[in-house]
Amino acid sequence: MKMIPVSTRINGDEREFLCAPDETLLDVLRDRLGLTGSKEGCGTGDCGACSVMLNGRLVCSCLVLAAESEGAEVETIEGMAEGQVLHPLQRVFIEKAALQCGICTPGILVAAKALLEKNPDPSETEIRYWLAGNLCRCTGYDKIIRAVQEAAAEIRRLQP
Amino acid sequence: MKYVRPDSYEAASALLGEETGIARILSGGTDVLVQMRSEVVEPSLIIDLKHLDGMREIVTEDGGFRIGAAVSGAQLAEHEALCAAWPGVVEAAGLIGSSQIQSRASLAGNLCNGSPAADSVPAMVAAGAVARVFGAEGFRDVPVAEIPAGPGKTNLKKGEFLISIYLPARPERAGDAYLRFIPRTEMDIAVCSAGINLVTGEDGTCTEARVALGAVAPTVILVEDAASALIGSKLDDGALKGLAAAVEAACRPIGDKRGTVEFRTKTAGVLARRAAEIAYQRAGAKR
Ligand SMILES: Cc1cc2nc3c(=O)[nH]c(=O)nc-3n(C[C@H](O)[C@H](O)[C@H](O)COP(=O)(O)OP(=O)(O)OC[C@H]3O[C@@H](n4cnc5c(N)ncnc54)[C@H](O)[C@@H]3O)c2cc1C
Ligand code: FES
Ligand code: FES
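Okay, here's the thing in C-alpha cells:
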C-alpha cells in the first residue's frame, strides 16, 4: 500500500506523518504519534473512547481516516491540561471519583468539554443525551453527570 | 486500497467509472468505516469529495435549501432557517447516532448507504427532497424517493454520486414531522418509522400531504392512500384512523428479534398518526 503524507496541527503543534490509506486517525494518534490518551473500545463508533475534536467538532477518531485529517486542526485529551494545571473537568472528575478503570475517561472529558463550550449550563438531560455516545461500564454514569455539572458551575464562576 | 481526493466532480466521476473493484464515496464515513472495519465491504478505492465547492455548505436557492452532500447533521441543526422550514427533516437527521456521529453523518450518506431503516430518508421523501446527481453526462436531478433500490443498493449508475440534496421552498401553513420506534431512548436503529409533510388551508383543512415509511419494506415507501386519508380533512379522528389503516396496508416488513411483522405494522400506523398531528400543529392549524 502506498503511504500518504499528511500534515496536521495536533493540540496546536504542527505534526507530519505517513499513513496507510485505510489507517484511522485513532491508529495514527496511538501507534505513530505516541498519543495514547485516546482509547479504542470498539472501533465502530459506539463507545466514544476515541473521541477527539476535528476542526472544532467532536468526532470518533476510529471513524476518521487519518488521510482525511490533512490540513486539519485536531485536539486530543493530551491537549486538555495547561502544562501541569488540569482542566476543571479533569480535576473535578478526580475529586468526585467520576472514573474507575478510566478507559472511557479521556473520551468523556473531550466530549464534555465540547458540550460546555457550546452550552455552558446544560441540564442533566442535555448532558446525558450529549454523552449517549460515550459508554462507561464501571461508574453507572451518575458520578460522571454530577462531575460535569459541577465543573460547568465552576467554569461559569471563573468566566462571568 | 487507494484514498483519493480528486480536484473536480468530473475527475471523481471518471475515477468511479474506471474503477474495476469496489469504490466508495466518503462523506462522514460513519457507515463506510464501520463496514471496512467489520470487513462487510472492502473497498479498493475511497473517494473523498468533502473539500470540493458546495459539498459542506447549505445555501438558500429559490426559497428552498441546497444542502451539500457532505453537510453533517450538526450543521443542519445549527441552521436556523432550515430548522424553521423543515423541522421534521432536521429532527430525523438529528436522530442518527451520538453527538460524535452527528459531527460527521450526512443526509447523502444516510441515503446512499441504502439501509431501509435510515432515519433521514422517510423525512426527505415526505418533504419531496430532490438529489442532485453528478455523472459522466453532467448533473441530473432525481427525487430522493427514486434513489434507494433495496437494502444496501441504490439506483445510481456507475460513475454517479450525489453532490447535494434540495429541500423545496415552504408555502404558508406547512409542517413536517418524523418519528421512529426504538426499544431504547438513544443510539439505536429504527424498528419502524414515519415521516409526514402537509400543507393546510386557512381554515385548517389539509390540502396537500405526503406520507413516507421507513423500515417496513426493502426501501422507504411513499404511501399515497395514506396521504389521501388526510387531504380534505382537519385531521379528525376518522381521518387519522384512515391514515393508520392505509399505512398498515402498505407495510411489508420483515420480522426479527427487534420486532415482529405485526408489531412493526401496527406501530407504523401509530407513529404516522402521531407524526401527522405534530406536522399539523407545526403548520399552525387549529382544529
Ligand atoms: C454509532 C452509530 C450509530 C448510528 N445510528 C444511526 C441511526 O440512528 N439512524 C441511521 O439512520 N443511521 C445511523 N447510523 C449510520 C450512519 O451514521 C448514517 O447512515 C449516516 O447518515 C451516514 O452518513 P455518512 O456521511 O457518514 O456516510 P458515509 O459512511 O460516508 O457513506 C455511506 C454510504 O453512502 C455512500 N455515499 C456517501 N456520500 C455519497 C455521495 N455524495 N454520493 C454517493 N454515495 C455516497 C458511501 O459510499 C457509502 O456507501 C449510525 C452509525 C453509527 C456508527
Ligand atoms: S473506539 Fe471509536 S467509538 Fe469506540
Ligand atoms: S470508568 Fe471504566 S469504563 Fe468508564
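As given, the protein sequences belong to chains A and B, one line each in that order.
Quick note on numbering: our numbering labels position 60 of the first sequence as 60, and the sequence is numbered without any gaps.
Quick note on numbering: our numbering labels position 121 of the second sequence as 281, and the sequence is numbered without any gaps.
Just so you know, even glycine gets a beta-carbon here, dropped at the ideal spot from N, CA and C.
In terms of alpha-carbon separation, which member of the options lies closest to residue i?
i, options, result
"B/Asp-279", "B/Gly-224, B/Thr-379 and B/Glu-384", "B/Thr-379"
"B/Arg-210", "B/Ala-354, B/Leu-358 and B/Ala-268", "Here residue 210 of chain B turns out to be Lys, not Arg, going by the sequence shown. When each option's Cα is compared against that of B/Lys-210, the closest is B/Ala-268."
"A/Gly-43", "B/Leu-242, B/Ile-182, B/Thr-314 and B/Asp-191", "B/Asp-191"
"A/Ala-20", "A/Met-1, A/Gly-71 and A/Lys-118", "A/Met-1"
"A/Ala-49", "A/Val-148, A/Ser-123, A/Ile-127 and A/Cys-101", "A/Cys-101"
"A/Leu-115", "A/Leu-131, A/Pro-5 and A/Gly-140", "A/Leu-131"
"B/Gly-224", "B/Ser-232, B/Gly-392, B/Ala-244 and B/Ala-230", "B/Ala-244"
"B/Asp-301", "B/Ala-309, B/Gly-310 and B/Glu-320", "B/Glu-320"
"B/Leu-382", "B/Lys-401, B/Arg-412 and B/Asp-396", "B/Arg-412"
"B/Lys-318", "B/Phe-294, B/Ala-329, B/Leu-339 and B/Arg-330", "B/Phe-294"
"B/Pro-282", "B/Val-371, B/Glu-437, B/Trp-246 and B/Gly-310", "B/Val-371"
"B/Gln-262", "B/Asn-315, B/Ala-234 and B/Gly-361", "B/Ala-234"
"A/Val-74", "A/Tyr-141, A/Asn-11, A/Ala-151 and A/Val-6", "A/Asn-11"
"B/Arg-226", "B/Gln-195, B/Phe-341 and B/Ala-291", "B/Ala-291"
"A/Glu-124", "A/Ala-152, A/Val-85 and A/Ala-72", "A/Ala-152"
"B/Cys-366", "B/Glu-202, B/Met-347 and B/Ala-386", "B/Ala-386"
"B/Met-347", "A/Leu-35, A/Pro-5, A/Gly-41 and A/Cys-47", "A/Cys-47"
"B/Gly-181", "B/Gly-364, B/Ile-207, B/Val-219 and B/Leu-193", "B/Ile-207"
"A/Phe-17", "A/Val-59, A/Leu-54, A/Gly-71 and A/Gly-37", "A/Gly-71"
"B/Lys-394", "B/Ala-443, B/Ala-354, B/Ser-187 and B/Ala-406", "B/Ala-443"
"B/Leu-373", "B/Ala-286, B/Gly-214, B/Glu-362 and B/Pro-328", "B/Ala-286"
"B/Leu-242", "B/Ser-388, B/Gly-274 and B/Gly-335", "B/Gly-335"
"A/Arg-128", "A/Pro-120, A/Thr-139, A/Ile-144 and A/Glu-117", "A/Ile-144"
"B/Arg-264", "B/Ala-309, B/Met-284, B/Met-215 and B/Gly-288", "B/Met-215"
"B/Thr-345", "B/Gly-288, B/Ile-218 and B/Leu-255", "B/Leu-255"
"B/Glu-437", "B/Tyr-338, B/Glu-202 and B/Val-231", "B/Tyr-338"
"B/Ala-229", "B/Ile-185, B/His-239, B/Met-196 and B/Ala-435", "B/Ile-185"
"A/Ile-94", "A/Glu-40, A/Glu-150 and A/Glu-82", "A/Glu-150"
I think residue i touches residue j, with their Cβ atoms under 8 Å apart; what is that distance to the nearest whole Å?
i, j, result
"A/Gly-133", "B/Gly-177", "Not really, about 37 Å apart at Cβ, beyond 8 Å."
"B/Val-351", "B/Thr-425", "With 8 Å as the limit, B/Val-351 and B/Thr-425 do not qualify as a contact, their Cβ atoms being about 11 Å apart."
"A/Arg-15", "A/Leu-33", "6 Å"
"B/Glu-368", "B/Ile-391", "7 Å"
"B/Ser-259", "A/Ala-111", "7 Å"
"A/Leu-109", "A/Gln-90", "6 Å"
"B/Ala-432", "B/Leu-403", "6 Å"
"B/Ser-173", "B/Ala-296", "6 Å"
"A/Gly-37", "A/Thr-76", "6 Å"
"B/Met-161", "B/Ser-204", "6 Å"
Using the DSSP secondary-structure output, state which residues sit across from residue i in a beta bridge.
i, result
"B/Gly-224", "B/Glu-221"
"B/Ile-207", "B/Val-164 and B/Ile-185"
"A/Val-52", "A/Val-59"
"B/Thr-360", "B/Cys-366"
"B/Phe-423", "Paired residues: none, contrary to the question."
"B/Phe-321", "B/Phe-294"
"B/Ser-266", "B/Ser-232"
"B/Val-383", "In the DSSP output, where bridge partners are listed per residue, B/Val-383 has none listed."
"B/Gly-355", "B/Tyr-338 and B/Ala-372"
"B/Asp-416", "B/Gly-419"
"B/Leu-327", "B/Phe-225"
"A/Ser-7", "A/Glu-16"
"A/Leu-65", "A/Thr-24"
"A/Val-85", "A/Glu-82"
"B/Phe-299", "B/Phe-294"
"B/Pro-308", "B/Thr-314"
"A/Val-74", "A/Ile-10 and A/Leu-54"
Residues in the region 285 to 318 of chain B having any Cβ partner in chain A nearer than 9 Å = none
message = Give me the subset of the region 241 to 260 of chain B whose CB atoms are less than 8 Å from a CB atom of chain A, sorted by chain position.
response = Gly-257, Ser-258, Ser-259 and Gln-260
message = If the cut-off is 8 Å on Cβ atoms, which residues from the region 73 to 91 of chain A count as contacting chain B, listed in chain order?
response = none
ask   = Residues with a Cβ closer than 6 Å to any heavy atom of ligand 2, in chain order?
value = A/Glu-40, A/Gly-41, A/Cys-42, A/Gly-43, A/Gly-45, A/Asp-46, A/Cys-47, A/Gly-48, A/Ala-49, A/Cys-50, A/Cys-60 and A/Cys-62
inquiry  = Any residue with its C-beta under 5 Å from a non-hydrogen atom of ligand 3 counts. Can you list them all in chain order?
reply    = A/Leu-99, A/Gln-100, A/Cys-101, A/Ile-103, A/Cys-104, A/Cys-136, A/Arg-137 and A/Cys-138
ask   = Residues in the region 223 to 235 of chain B with C-beta within 7 Å of chain A's C-beta atoms, listed in sequence order?
value = Ala-234
query = At a Cβ cut of 8 Å, what residues of the region 193 to 215 of chain B count as close to chain A, listed as they run along the chain?
reply = Leu-193, Val-194, Met-196, Arg-197, Ser-198, Ile-206, Asp-208 and Lys-210
query = Closer than 8 Å, Cβ to any Cβ of chain B: which residues of the region 57 to 69 of chain A, in chain order?
reply = Arg-57, Leu-58, Val-59, Cys-60, Cys-62, Leu-63, Val-64, Leu-65, Ala-67 and Glu-68
key: Interfacial residues, the region 34 to 55 of chain A to chain B, with Cβ spacing under 8 Å   = Gly-43, Thr-44, Gly-45, Asp-46, Gly-48, Ser-51 and Leu-54
message = What are the residues in the region 9 to 23 of chain A lying within 7 Å of chain B by C-beta distance?
response = Pro-21 and Asp-22
message = At a CB distance below 7 Å, what residues from the region 105 to 138 of chain A approach chain B? Give them in sequence order.
response = Ala-111, Tyr-129, Trp-130, Ala-132 and Gly-133
query = What residues in the region 263 to 279 of chain B bring their beta carbon closer than 8 Å to a beta carbon of chain A?
reply = Ser-263 and Arg-264
key: chain A contacts made by the region 325 to 337 of chain B, where a contact means CB separation under 9 Å   = none
task = Output, in sequence order along the chain, the residues in the region 176 to 189 of chain B whose CB is closer than 9 Å to any CB in chain A.
result = Leu-186, Gly-188 and Gly-189
query = Looking at chain A, which residues of the region 343 to 363 of chain B have a Cβ within less than 9 Å of any of its Cβ atoms?
reply = Thr-345, Glu-346 and Met-347
inquiry  = Along the region 400 to 432 of chain B, where does the CB come closer than 7 Å to a CB of chain A? Name the residues.
reply    = none
ask   = Taking any Cβ of chain A, which residues in the region 372 to 403 of chain B have a Cβ under 8 Å from it, in chain order?
value = none
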